[in-house]
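Student: Be aware that the sequence shown starts at 1, since it is given in UniProt numbering, and climbs by one per residue.
Glycine is no exception: its CB is placed at the ideal position from the N, C-alpha and C atoms.
Before I ask anything, let me first share the structure, which is written out below as structure tokens.
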Amino acid sequence: MQNDIALIKLCKPLKFNENIKAVQLLDAKYKCDETYLNKECIVSGFGLTDDKSILLSNQLQYTTVTPISNIECMKYFSWLATPLVLCTMGNNRETGPCMGDSGGPLVIYDPKDNIPIQIGIVSFGSKKGCAESPAVYTRIYIYLRWIKEIIYGIRRN
């Protein structure tokens with residue numbers, strides 16, 4: 001899986017409030033796995049609430065997950081040998097992103113100032129279930145330059 005990322009240009013600015021907030025994109029200190037590997041992260045979305053559900057949630061759901069190494073993730077997805085993604089495992093293998101959560105954010109809270117920093121975008125999971133296998137995310141850091149080029153209108157030379 002490559003380049004599973006998109007940006008949307010809005011017709012008018014968002015009005016931030018208690019339920020609509022900006023998230024900070026990561027900086028260089030979050031580019032390597034060691035920074036967030038085995039640290040608690042939060043994933044959110046409107047997808048199925050468990051493997052037996054057939055309806056998407058009409059309320060935003062969130063759960064905690066833990067990033068794992070790509071080597072560990074390859075035990076489940078042997079073809080996944082790319083630095084473009086990162087993987088998480090649901091805590092106690094009881095929770096994780098599910099069908100319908102794709103495109104949702106994976107955030108870690110900066111321990112220094114407790115602000116959410118987006119490190120990933122939900123890409124896909126296993127057919128085995130929402131919680132029992134790793135979930136795979138597009139790694140934001142890899143695309144940070146591209147994101148800034150689009151947002152700020154920077155042209156490549």
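How would you label C41, buried or exposed, when you count the other beta carbons within 10 angstroms and need 16 or more for buried?
Tutor: Mapped onto the sequence shown, residue 41 falls at position 41. By the 10 Å Cβ count, C41 comes out buried.
Student: Between T88 and I68, which are expected to be in contact by the criterion C-beta below 8 Å, what is the C-beta distance as a whole number of angstroms?
Tutor: Here residue 88 refers to the residue found at position 88 when the sequence shown is read from its first residue. Here residue 68 refers to the residue found at position 68 when the sequence shown is read from its first residue. Going by Cβ atoms, the distance from T88 to I68 rounds to 6 Å, so yes, they are a contact pair.
Student: For the beta strand (DSSP E) that contains L106, what are its first and last residues?
Tutor: On the sequence shown, residue 106 is found 106 positions in, with the first residue counted as 1. 105-109 is the span of the beta strand (DSSP E), which, as asked, contains L106.
Student: Determine the direct distance from the alpha carbon of L10 to that of T35, and round the result to whole angstroms.
Tutor: Locating residue 35 in the sequence shown gives position 35, where the first residue counts as 1. Locating residue 10 in the sequence shown gives position 10, where the first residue counts as 1. So the two alpha carbons sit approximately 32 Å from each other.
Student: Would you give the residue range spanned by the beta strand (DSSP E) that L86 belongs to?
Tutor: In the sequence shown, counting from the first residue as 1, residue 86 sits at position 86. From DSSP, the beta strand (DSSP E) with L86 extends over 85-90.
Student: Going by CA-CA distance only, name the one from I121, K112, V23, T95 that's closest to D106.
Tutor: On the sequence shown, residue 106 is found 106 positions in, with the first residue counted as 1. Checking the sequence, you will find Leu at residue 106 rather than Asp. Residue I121 is the option with its Cα nearest to L106.
Student: In the DSSP assignment, find the unbroken beta strand (DSSP E) run with Y62 in it and report its ends.
Tutor: Sequence index remark: in the sequence shown, residue 62 carries index 62 (1-based). Taken as a continuous stretch (DSSP letters only), the beta strand (DSSP E) holding Y62 covers 61-68.
Student: What span of residues does the beta strand (DSSP E) with Y137 cover, start to end?
Tutor: Your numbering for residue 137 matches position 137 in the sequence shown. Element bounds for Y137: 135-139.
Student: Based on the DSSP secondary-structure assignment, which residues constitute the bridge partners of V23?
Tutor: As a working mapping, residue 23 is identified with position 23 in the sequence shown. V23 is not bridged to any residue.
Student: Counting only the same chain and skipping the five closest in sequence on each side, list residues whose C-beta sits under 8 Å from that of T49.
Tutor: On the sequence shown, residue 49 is found 49 positions in, with the first residue counted as 1. Within the same chain, T49 has close Cβ partners S57, Q61, C98.
Student: What number of angstroms, rounded off, separates the C-alpha of R145 from the C-alpha of F124?
Tutor: Position 145 of the sequence shown, counted from the start, is the residue given in the question as residue 145. Position 124 of the sequence shown, counted from the start, is the residue given in the question as residue 124. Approximately 23 Å between the Cα atoms of the pair.
Student: Just reading off the beta strand (DSSP E) that P116 is part of, what are its end residues?
Tutor: Within the sequence shown, numbered from 1, the residue matching residue 116 stands at position 116. Taken as a continuous stretch (DSSP letters only), the beta strand (DSSP E) holding P116 covers 116-124.
Student: When you compare each of W79, T64, V65 to I71 by their alpha carbons, which one comes out closest?
Tutor: Here residue 71 refers to the residue found at position 71 of the sequence shown. Ranking W79, T64, V65 by Cα distance to I71 puts W79 first.
Student: How far does the beta strand (DSSP E) with I5 in it extend, from its first residue to its last?
Tutor: In the sequence shown, the residue the question calls residue 5 occupies position 5. Element bounds for I5: n/a, residue is neither H nor E.
Student: For S78, which beta-bridge partners are listed by DSSP?
Tutor: Working through the sequence shown from its first residue, we reach residue 78 at position 78. Answer by DSSP bridge pairing: none, since S78 is not bridged.
Student: How would you label G153, buried or exposed, when you count the other beta carbons within 10 angstroms and need 16 or more for buried?
Tutor: Residue numbering aside, residue 153 sits at position 153 when the sequence shown is read from its first letter. Exposed: under 16 other Cβ atoms inside 10 Å.
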